[in-house]
Amino acid sequence: RARVVVLLSGTGSLCAALLDATDDPAYPADVVAVGADRPAAGLEHAARRGIPTFVSALGDHPDRAAWDRALAASIAAFEPDLVVSAGFMKIVGPAVLDAFGGRLINTHPALLPAFPGAHAVRDALAAGATVTGSSVHVVDAGVDTGPVLAQREVPVLPDDDEPRLHERIKAVERELLVETVARLAAPGTRGTSSP
Ligand code: GAR
Numbered sequence: 003r004a005r006v007v008v009l010l011s012g013t014g015s016l017c018a019a020l021l022d023a024t025d026d027p028a029y030p031a032d033v034v035a036v037g038a039d040r041p042a043a044g045l046e047h048a049a050r051r052g053i054p055t056f057v058s059a060l061g062d063h064p065d066r067a068a069w070d071r072a073l074a075a076s077i078a079a080f081e082p083d084l085v086v087s088a089g090f091m092k093i094v095g096p097a098v099l100d101a102f103g104g105r106l107i108n109t110h111p112a113l114l115p116a117f118p119g120a121h122a123v124r125d126a127l128a129a130g131a132t133v134t135g136s137s138v139h140v141v142d143a144g145v146d147t148g149p150v151l152a153q154r155e156v157p158v159l160p161d162d163d164e165p166r167l168h169e170r171i172k173a174v175e176r177e178l179l180v181e182t183v184a185r186l187a188a189p190g191t192r193g194t195s196s197p
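Just so you know, the sequence shown maps onto residues 3 to 197 in UniProt numbering.
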């Protein structure tokens, strides 16, 4: 099974969905560690299962470059085939991209290239979008600009507010992430270059 390291910053419901998927012996990946940039609640999903966790906080390092190198080293220690950013709210730097570029994917709560950035759900509502959704993409040096691997639409309902819409998007994100990781992890197709 492919070795997956998950990165998160918050509640980690997407990570929890991936962990649940790995309970199926037919699922082609294992989560071997979960990391965060703060003592995030989502780390508990891994800790409860005895899966190692790590925290690499920007404030614990002299500058962003040192943090980036430390994060790359923390991830590398688990020898992942794939790194999954699932609600990780920091932009990774060149050390992480050099080490894991092409094997680092992110899930984003909008139909990229629409509404990149940290407030995708709010921005879609503010723009009056009638359809938004979920994207899984390869991480590159830009903000949510890497090649899209999978997308699924979510309609915006007339009475939606940000939490309600975000929750419906997250329900779709969980499915899309579990499916996309399985596709990337499947023997013979490992790596994000495969269609
Ligand atoms: C998800 O909607 C994810 O796409 C988003 O944070 C949420 C995490 O949910 N990430 C971004 O917006 C990154 N720009 P979770 O903590 O319940 O897994």
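Where is the CB? At the ideal position from N, CA and C, for every residue including glycine.
Contact between the segment 40 to 54 and the segment 9 to 22 is present, with at least three C-beta pairs closer than 8 Å. Apart from sequence neighbours up to five positions away, the residues of its chain that approach Ala126 with a beta-carbon distance below 8 Å are Ala112, Ala116, Phe117, Thr134, Val158 and Leu167, ordered along the chain. In the three-state scheme derived from DSSP, where H, G and I count as helix and E and B as strand, His139 is classed as strand. Relative to the ligand GAR, the beta carbon of Ser76 is positioned no closer than 6 Å to any heavy atom.
Per the DSSP secondary-structure output, Pro157 pairs in a beta bridge with Val133. Taking the Cα positions, Ala4 is about 13 Å away from Val180. When only Cα atoms are considered, Val36 and Asp161 end up about 36 Å apart.
Beta-bridge annotation (DSSP): Gly37 is paired with Leu9 and Phe56.
Distances taken from the Cβ of Lys92 to the heavy atoms of the ligand GAR include none shorter than 6 Å.
Non-local C-beta neighbours of Val8 in its own chain, meaning closer than 7 Å and more than five positions away in sequence, comprise Cys17, Leu20, Val33, Val36, Val86 and Ala88, ordered along the chain. For His47, the enclosing alpha helix (DSSP H) starts and ends at Leu45 to Arg50. In the three-state reduction of the DSSP assignment, Ile107 falls in the strand class.
Ranked by Cα distance from Ala101, the options Arg170, Asp146 and Asp142 are led by Asp142. Out of Arg71, Leu114, Gly190 and Val123, the CA that lies nearest to the CA of Leu151 is found in Leu114. The continuous beta strand (DSSP E) containing Val85 extends over residues Leu84 to Ser87. Exclusion of the five residues before and after Ala31 leaves Arg3, Ala4, Val6, Val183 and Ala187 as the residues of its chain whose Cβ lies within less than 6 Å of its Cβ. DSSP, reduced to helix, strand and coil, places Ala31 within a strand of the structure shown. Just measuring C-alpha positions, the residue of Glu169, Ala122, His121 and Ile77 sitting nearest Gly103 is Ile77. Counting every other CB atom within 10 Å of its CB across the protein chains shown gives Asp146 a total of 16 or more, marking it as buried.
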